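Read left to right, the first sequence gives residues 728 to 1398 (the working numbering).
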Amino acid sequence: MSAEPRKILVTSALPYANGSIHLGHLVEYIQSDTWARFQKLRGEHCTYVCASDTHGTPIMIRARAENIEPEQLIERIGAEQLADLEAFGVAFDNFYTTHSEENEQLVVRMYEALSANGHIYTKTIEQAYDETKSMFLPDRFVKGTCPRCRSEDQYGDACEVCGATYTPDELIDPVSVLSDTRPVWRESEHYFFRLSAFTDDLRDWMRRAALHQNISSKLEEWFEAGLQDWDISRDAPYFGFRIPGTEDKYFYVWLDAPVGYLASFLHLCRRRDDLDFDAYWDADSPHEVYHFIGKDIVYFHTLFWPAVLKGSGMREPTSVFAHGFLTINGKKMSKSRGTFINARTWLRHLDTSSLRYYYAAKLGPGMDDIDLSLDDFVARVNADLVGKLVNIASRCAGFITKQFDGQLAERLDDEDLFGEFVAEADAVAAEYEGREYSKAMRRVMALADRANRYIEARKPWLMIKDAAQRDDVQLVCTQGLNLFRTLMIYLAPVLPAVAERTRALFGDDAWRWADAAAPVLGRRIDKYEALLTRIDPKQVNAVIEESKEAPAAAQPAATTTDEATVSIDDFARVDLRVARVVAAEPVEGADKLLRLTLDLGDSRRQVFAGIKAAYAPDALVGRHVIAVANLAPRKMRFGVSEGMVLAAGPGGEDIFLLSVDSGAEAGMRVK
RNA sequence: GGUGAUGUAGCUCAGUUGGUCAGAGCGACGGACUCAUAACCCGUAGGUCGGUGGUUCAAAUCCACCCAUCACCA
């Protein structure tokens, strides 16, 4: 490791604020979160940002359908997406929105730079127009009969039956999906980005970025076909940013979306002394910037985006990492098969470490699709994680706790063996760095096998029967626990929740990668609690069953088990935070409700609380309460409630808010 | 339709530049053990590497064609 930490900015693709996070999305977030966590664990200065992608026609249409403003829709969905991602351990340094002041300023700044550099021109094009809705229609909003194979009800850009591609005006009997009327073709002036002028720059960038073979061969393909200029404008009505100097032209969502990476980073820079926006984004920045994306958006991230950055006088990304898609049981996710699984559904029945591990065990640096085979998932997680990995701790900790009062020996039993585990650190690190997670998992599990064999060979359960060998039992179990601890440090990027529990078990301070090489000796450990529990196939079945019908919208969570207890995992899913009441007011038309605006440190939420009879609004402002930060947002008659505040009592006047001792600040996690 | 990717033991996958490359884990089966969340340890199983044809002394590994699955086509 170099003395000076690397400065790294990592992004995940922005989730579109039009739907729920599902297992497919999670491949990307878990992959990039793991990488960012690895860099941080190694002591690098790594920042990981993301944002909600909020603009475009689909969001405008959906908001209309729900009879709300687009702003309300994107705020609700964005909060829900962030909560889901955080529940899976995805730890952004910042999750922002493309519908922000920062983003608009950056988009305009970049557009003006592009314009000044001669990279923008206008051209009149013809486009489908819905006269009843008074709006231009994107290709996907026109349907009709395929001109080639005559299949009915096909989208305006391609036929799903015969695979033909065409433009909407070639469709037979085209109709607008918004009104079922026949669209007309109207002319409109559009703004174009001169992508074709950047071919040489992009070729040059492609070499420097050392893109994965699969991506660069794709790019070569596109270069050979010749780059086409890019239509970056859309006509009103459109939900997005208006192009300066125009009345009714808006930036296409795909222009402002990647700028959202910058906006989220800028938003964070303004709150952090150790981050300087320009130092990362100036054309000659020495820092590293990486985008993790899915293979479906390679075009945008390896052509448009670097070209737009270059054209606006900024630096290009250091590299772009693309992953494949997720299949479940070998097939595309499907609602009828129950394999279109939302993150939220998963959380109700299964823990998140298991999925993180399974994905890691399958992920490599390439663009190949990965398969979540549910039977294999259960077998693999139970065998690898519970059977061999956690088992090491489980079989050693008992002796230490019961026989030695939790006291670890002062030395190791087998320094050489420990040394073998330490010697793998560089190889594991290199595999993480190269996103060869599957290889890293394989390597770590091979070590776990080795640790189990070591214990098997020493047989502490026999030694304990002989008073003369009592000290050796302590040595062997100290050895075993330290082998386990080293492995858990290696796995911390993938299994942050289990790593955290392990760290606490040993009473360590925050782990760094190098700690894996230094055994913990002579210390008293906490009482061992199960770090993970086996998965029952019934849990997976429950997820499938629940996913089969239309996603149960905001159904109260079914109890996850028959038992009256919850696991530590279950509890950890509830994100309790200290919140400061910024504003409180009665809700018109509701007898019991107060509308609270809560400050959660990094965000503000609107929450409705049934405490009107017990608390005067004015008395609440400024005080701290405990809020559930990841409760699914709920649409109420008066607006969306984005959480709940904790209170005790039967209700009515007898309701008592929980508070925290002085010193606590808004945003602190309760645990 | 064009382009590209993938197709290796029941399952999930490794196999750098062609010659110990026919492998691992899981499952299954047999045995041992009982510290551990029926976990762990030892052993067995044995797929003509999607198909056909070709190049080569030698191909899962190169070429051609075919089949299947998947993706992209701004």
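Yeah, the Cβ is synthetic: ideal placement off N, Cα and C, and Gly gets one too. The model shown is predicted, which means the values in this text are computed figures rather than measured ones.
Residue i - containing alpha helix (DSSP H), residue span
i, result
"alanine 1269", "1264-1275"
"proline 785", "784-793"
"glutamate 985", "Residue identity differs from the one stated: residue 985 is proline in this sequence, not glutamate. Here the alpha helix (DSSP H) through proline 985 covers 980-996."
"serine 1121", "1118-1131"
"threonine 761", "750-768"
"valine 1149", "1142-1150"
"asparagine 830", "828-843"
Residue burial classification, residue i (beta-carbon count within 10 angstroms, cutoff 16)
i, result
"asparagine 1209", "buried"
"proline 1264", "exposed"
"isoleucine 852", "exposed"
"aspartate 983", "buried"
"tyrosine 743", "buried"
"lysine 1089", "buried"
"lysine 1059", "exposed"
"tyrosine 848", "exposed"
"proline 1223", "buried"
"aspartate 1289", "Because aspartate 1289 carries a pLDDT of 26, less than 50, the predicted location of this residue cannot be relied on, and the following value inherits that uncertainty. It is exposed - the Cβ of aspartate 1289 has fewer than 16 other Cβ atoms within 10 Å."
"threonine 1213", "buried"
"serine 739", "buried"
"threonine 908", "exposed"
"proline 910", "buried"
"leucine 1384", "buried"
"lysine 976", "buried"
"proline 1377", "Residue placement at proline 1377 cannot be trusted, given a pLDDT of 44 that sits under 50; what the coordinates show is reported in the next sentence. Label assigned to proline 1377: exposed."
"lysine 1037", "buried"
"tryptophan 912", "exposed"
"glycine 967", "buried"
"glutamate 755", "buried"
Pair within 8 Å by beta-carbon distance, residue i and residue j
i, j, result
"leucine 898", "glycine 871", "yes"
"serine 903", "aspartate 857", "yes"
"leucine 1347", "valine 1308", "yes"
"glycine 1091", "glutamate 1142", "no"
"leucine 938", "threonine 1045", "no"
"valine 1155", "arginine 1169", "no"
"lysine 1275", "glycine 1065", "yes"
"isoleucine 735", "glutamine 758", "no"
"histidine 782", "histidine 826", "yes"
"lysine 1022", "glycine 987", "no"
"alanine 1136", "glutamine 1201", "yes"
"phenylalanine 819", "leucine 753", "no"
"tyrosine 823", "histidine 994", "yes"
"asparagine 745", "isoleucine 804", "yes"
"isoleucine 1271", "valine 1108", "no"
"glutamine 1061", "leucine 1112", "Here residue 1061 turns out to be serine, not glutamine, going by the sequence shown. Contact: no."
"glycine 1444", "isoleucine 1068", "Any answer about residue 1444 is impossible in this case: the structure gives the chain only from 728 up to 1398."
Cβ distance (whole Å) where residue i is taken to contact residue j below 8 Å
i, j, result
"phenylalanine 1145", "leucine 1174", "Between leucine 1174 and phenylalanine 1145 the Cβ distance is about 11 Å, and since that is not below 8 Å, they are no contact."
"tyrosine 1255", "leucine 1232", "7 Å"
"alanine 1393", "leucine 1327", "6 Å"
"alanine 855", "proline 797", "So it is not a contact: roughly 22 Å between Cβ atoms."
"glycine 1040", "alanine 1087", "Contact doesn't hold; Cβ gap of about 39 Å is too wide."
"leucine 768", "proline 1246", "Actually they are not in contact, since the Cβ atoms of leucine 768 and proline 1246 sit about 18 Å apart, beyond 8 Å."
"aspartate 811", "arginine 1177", "Wrong, their Cβ atoms sit about 37 Å apart, outside the cutoff."
"histidine 846", "alanine 924", "7 Å"
"leucine 1099", "isoleucine 1055", "5 Å"
"arginine 1251", "glutamine 1134", "5 Å"
Host beta strand (DSSP E) of residue i (start-end)
i, result
"aspartate 900", "899-903"
"histidine 917", "911-920"
"glycine 1016", "First, the amino acid is wrong: residue 1016 is valine here, not glycine. Unbroken beta strand (DSSP E) run through valine 1016: 1015-1021."
"histidine 772", "772-779"
"glutamine 854", "847-857"
"isoleucine 735", "734-739"
"threonine 1054", "1053-1055"
"phenylalanine 1048", "1046-1050"
"serine 960", "960-962"
"arginine 1230", "It is not in any beta strand (DSSP E) - arginine 1230 instead sits in the alpha helix (DSSP H) that spans 1223-1233."
"aspartate 1098", "1097-1099"
"glycine 871", "869-872"
"phenylalanine 1211", "Unbroken run through phenylalanine 1211 is the alpha helix (DSSP H), 1197-1218; no beta strand (DSSP E)."
"alanine 1136", "From DSSP, alanine 1136 is part of no beta strand (DSSP E); its letter is neither H nor E."
Whole alpha helix (DSSP H) runs in the segment 1162-1189 with 4 or more residues, listed along the chain?
Within the segment 1162-1189, the complete alpha helix (DSSP H) runs of at least 4 residues are 1164-1185.
In the segment 1053-1080, which residue ranges form an unbroken beta strand (DSSP E) of at least 3 residues, counting only runs that do not cross its ends?
1053-1055
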